[in-house]
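Residue numbers (this note's numbering): 41 to 165.
Ideal Cβ placement from N, Cα and C applies to all residues, glycine included.
The structure under discussion appears below in the form of structure tokens.
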Amino acid sequence: LHEGIPHLSAGGCAVLVSGSPARRSEPGMVAIASVGGAVEALVRAVAPEITPKRLNVVAPGFIDTPMFDAVGDERANVIKARTDHHLIPRAGTADEVAQAIIFQVENEFVTGTTIDVDGGWLLAR
């Protein structure tokens, strides 16, 4: 941020990526939850200091990526088990995360904001 923000045009936007565990963690997610929480707090603290430039966060939930190729034939079962309880019961896509980033960049009235792209995982129990 220190090096990049000065290069943004007035009204320009940087978007950082956090993750849903920043606000609702599960066992084994201490590192990602802590880092994500720090990223979101940093954005809320820095955004007021850099206006009219903007800073936002996208927090993906469970996203289907090539990383899951490693589980081989169990891929579909692993994804289903991890997403069955979501309000939208499927994994998200990288394109859906990208759409949230593009929205934050293009909408000039959004700053200091986190958008969750998690299929309702934060609300599901």
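Do you know whose CA, among the options, lies nearest residue i's CA?
| i | options | result |
| --- | --- | --- |
| D104 | R84, F149, V157, T151 | V157 |
| E148 | T91, M69, M107 | T91 |
| L41 | H126, A138, G160, N96 | N96 |
| G86 | R165, I72, T123, A54 | The sequence given here has Val at residue 86, not Gly. V86 has its Cα closest to that of A54, out of R165, I72, T123, A54. |
| H126 | L162, G112, A50 | L162 |
| S60 | S74, E146, L48 | S74 |
| M107 | T133, R94, L82 | T133 |
I'd like the span of the beta strand (DSSP E) that includes residue i, first residue to last.
| i | result |
| --- | --- |
| Q147 | The question names Gln, but residue 147 in the sequence shown is Asn. First-last for N147: undefined, no H or E at that position. |
| T123 | Run containing T123: none in the beta strand (DSSP E); it sits in the alpha helix (DSSP H), 115-123. |
Ignore the nearest five residues each way along the sequence and tell me which others in residue i's own chain have a CB closer than 8 Å to its CB.
| i | result |
| --- | --- |
| V79 | L56, V57, S58, A62, V97 |
Return the Cβ separation of residue i and residue j in integer angstroms, given the expectation that the two are a contact with Cβ distance under 8 Å.
| i | j | result |
| --- | --- | --- |
| F102 | A121 | With 8 Å as the limit, F102 and A121 do not qualify as a contact, their Cβ atoms being about 10 Å apart. |
Taking all protein chains shown into account, do 16 or more other C-beta atoms lie within 10 angstroms of the C-beta of residue i, making it buried, or fewer, making it exposed?
| i | result |
| --- | --- |
| P100 | buried |
| I128 | exposed |
Does the beta carbon of residue i sit closer than 9 Å to a beta carbon anywhere in chain B?
| i | result |
| --- | --- |
| P92 | Of the protein chains in this structure there is only one, and it is not chain B. |
Starting from residue i, trace the alpha helix (DSSP H) both ways and give me its first and last residue.
| i | result |
| --- | --- |
| T84 | Checking the displayed sequence, the identity of residue 84 turns out to be Arg instead of Thr. Taken as a continuous stretch (DSSP letters only), the alpha helix (DSSP H) holding R84 covers 70-90. |
Please list, in chain order, all residues of the same chain as residue i whose beta carbon is under 6 Å from its beta carbon, the five residues on each side excluded.
| i | result |
| --- | --- |
| R94 | C53, T151 |
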